[in-house]
Amino acid sequence: MSANPKYNVDLTHCFVEEGSLSLPVQAFAGRVGSKFIISLRDQNKILGVKCPTCNKVYCPPREYCEKDLTKLDENWVELSNEGTITNFTIVNYNDRHLPRKAPYCLAMIKVDGADSPFAHIVEGVEVEQVKIRMRVKAVYAKETTNTILDINHFEPV
Ligand SMILES: [Zn+2]
1 MSANPKYNVD LTHCFVEEGS LSLPVQAFAG RVGSKFIISL RDQNKILGVK CPTCNKVYCP
61 PREYCEKDLT KLDENWVELS NEGTITNFTI VNYNDRHLPR KAPYCLAMIK VDGADSPFAH
121 IVEGVEVEQV KIRMRVKAVY AKETTNTILD INHFEPV
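Here it is in structure tokens:
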């Protein structure tokens, strides 16, 4: 009997090949997510959805209210391109999957009119100068990527 201590299994009748995978993937953004991205891309407008039951405004939009499960996809509201940093971190390492070279600021930003924040990049200010409650505005990308990065970044107002 032959055992591989790395896997702690009997490998007498197994052949194990080491390797790694890098798989490009595509996923449907959903009807709500698609409308959100298309509005960013074609009109440079940030949309949210407002719950008619509890009045919470979600941005990014979602199909159902997390509190009362009301369906929200017909209650669109246009929100401001300006907002407030509610939290942030400084990314200090490089990885090919990250959108910027380190160091850069990744912040939770609640745009005016929304009750929920979303994550985005803050530029136009030294990372050491970023503060919670800092006012920022969306700067749109010159070329679309059909993603949230159609807002290229936020910068101080
Ligand atoms: Zn609700």
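Numbering of the sequence shown is given in the working numbering, commencing with residue 1 and proceeding in unit increments. Where is the CB? At the ideal position from N, CA and C, for every residue including glycine.
Across the set Glu74, Arg135, Ala141 and Thr145, the C-alpha of Glu74 shows the shortest separation from the C-alpha of Val32. Contact check for Ile85 against Ile151 fails: the beta carbons are separated by 7 Å or more. Put simply, the backbone Cα of Asp115 is about 32 Å away from that of Arg96. Looking at the backbone, the Cα of Pro24 and that of Leu98 are separated by about 15 Å. For Pro52, the CB contacts under 7 Å within the same chain, skipping 5 residues up- and downstream, are Thr70 and Asn75 in chain order. For Ile90, the closest alpha carbon among the candidates Asp68, Glu78, Pro103 and Glu155 is that of Pro103.
For Arg135, the three-state secondary structure derived from DSSP is strand. Going by beta carbons, Val57 and Leu72 fall outside the 7 Å limit. Exposure of Ala27 is indicated by the presence of fewer than 16 other C-beta atoms within 10 angstroms of its C-beta. Around the beta carbon of Cys14, fewer than 16 other beta carbons lie within 10 angstroms, which makes this residue exposed. Distance from the CA atom of Asn94 to the CA atom of Lys101, rounded to whole angstroms, is 6 Å. Distance from the Cα of Asn81 is smallest, within the candidate group Leu106, Tyr64, Asp68 and Gly113, for Gly113.
A direct Cα-Cα distance of roughly 9 Å separates Val136 from Val111. Close to ligand 1, as judged by a C-beta nearer than 6 Å to any of its heavy atoms, are the residues Cys51, Thr53, Cys54, Lys56, Cys65, Lys67, Asp68 and Thr70, in chain order.
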